[in-house]
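Read through the structure below, which is laid out as structure tokens, and then see the notes.
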Amino acid sequence: QQPVQSPQAVILREGEDAVINCSSSKALYSVHWYRQKHGEAPVFLMILLKGGEQKGHDKISASFNEKKQQSSLYLTASQLSYSGTYFCGVTEKLTFGTGTRLTIIP
Amino acid sequence: GAGVSQSPRYKVAKRGQDVALRCDPISGHVSLFWYQQALGQGPEFLTYFQNEAQLDKSGLPSDRFFAERPEGSVSTLKIQRTQQEDSAVYLCASSSDRGGSTEAFFGQGTRLTVV
Chain A
-13 QQPVQSPQAV
-3 ILREGEDAVI
7 NCSSSKALYS
17 VHWYRQKHGE
27 APVFLMILLK
37 GGEQKGHDKI
47 SASFNEKKQQ
57 SSLYLTASQL
67 SYSGTYFCGV
77 TEKLTFGTGT
87 RLTIIP
Chain B
204 GAGVSQSPRY
214 KVAKRGQDVA
224 LRCDPISGHV
234 SLFWYQQALG
244 QGPEFLTYFQ
254 NEAQLDKSGL
264 PSDRFFAERP
274 EGSVSTLKIQ
284 RTQQEDSAVY
294 LCASSSDRGG
304 STEAFFGQGT
314 RLTVV
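Read top to bottom, the protein sequences are chains A and B.
FYI, the numbering used here numbers position 25 of the first sequence as 11, with every residue one higher than the one before it.
Remember, the numbering used here sits 203 above the position in the second sequence when you count from 1.
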């Protein structure tokens, strides 16, 4: 079953922060996050493994709560290049979530 | 090769025609995934291999869709008697592990248009 992401879409001004949530009905051992720009293939952002860890690189970080079967992606001080659709991916067969379209405006 | 390669990049098929889409994963990658992405939608899981074993094909929309990976490397997705609703981008990805614990690398996709 496909993980549910929220919000479905968000528009931010450059420099603002955003949180994208991913919720699964299945037990999770890992969560992937990808960003896809229009007309391009998804690009890997990060992976979180079981253990409730947080990860980050640059101004993008994520958390994973395996008990709640949820993960959140945090984007701080957003840049124009962050625009795109974000997907979480779960289970060993890498099922993608419903997606969150992020638009950054100058 | 350096990345995941898919061919052809674009395919136009007449309704009823059979098509074959090829995916060359990164050398040595164990897991291989196929997705269908309709316009404006997210990638929908089709099927998944570990080496040559097809572990899950629950996402294949009908028995017209068939995927194989006979030697555990190159994979082919075949669609028989194509229909207009099959028009989409077909994405392939590969990863080095079995359990979803490592990054998946995506190919550029094959855009299939059925006319």
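Even for Gly, the Cβ is constructed at its ideal location relative to N, Cα and C.
Check your understanding: Of all the CB atoms in chain A, is at least one closer than 8 angstroms to the CB of E306(B)?
Key -> yes
Exercise for review: Closer than 8 angstroms, Cβ to Cβ, to anything on chain A: give me those residues from the stretch 249 to 262 of chain B, in chain order.
Suggested key: Y251, L258, D259
Exercise for review: For A27(A), go through chain B and note every residue whose CB falls closer than 7 angstroms to its CB, in chain order.
Suggested key: L294, F309, G310, Q311, G312
Check your understanding: For Q287(B), which three-state DSSP category applies?
Key -> For Q287(B), the secondary structure class from DSSP, reduced to helix, strand or coil, is helix.
**Study point:** P246(B), buried or exposed, once every other Cβ within 10 Å from all chains shown has been counted against 16
**Key:** buried
Check your understanding: Three or more C-beta pairs closer than 8 angstroms, one from the stretch 81 to 90 of chain A and one from the stretch 296 to 310 of chain B: is that the case here?
Key -> no
Check your understanding: So which residues on chain B does F73(A) lean against when the C-beta distance must stay under 9 angstroms?
Key -> G245, P246
Practice item. Say whether chain A places a C-beta atom closer than 8 angstroms to the C-beta of F236(B). Key: yes
Point to revise | Distance between E2(A) and A63(A) (C-alpha atoms, nearest Å) | key: 5 angstroms
Practice item. Note down, in chain order, every chain B residue with its Cβ under 8 angstroms from the Cβ of T81(A). Key: F248
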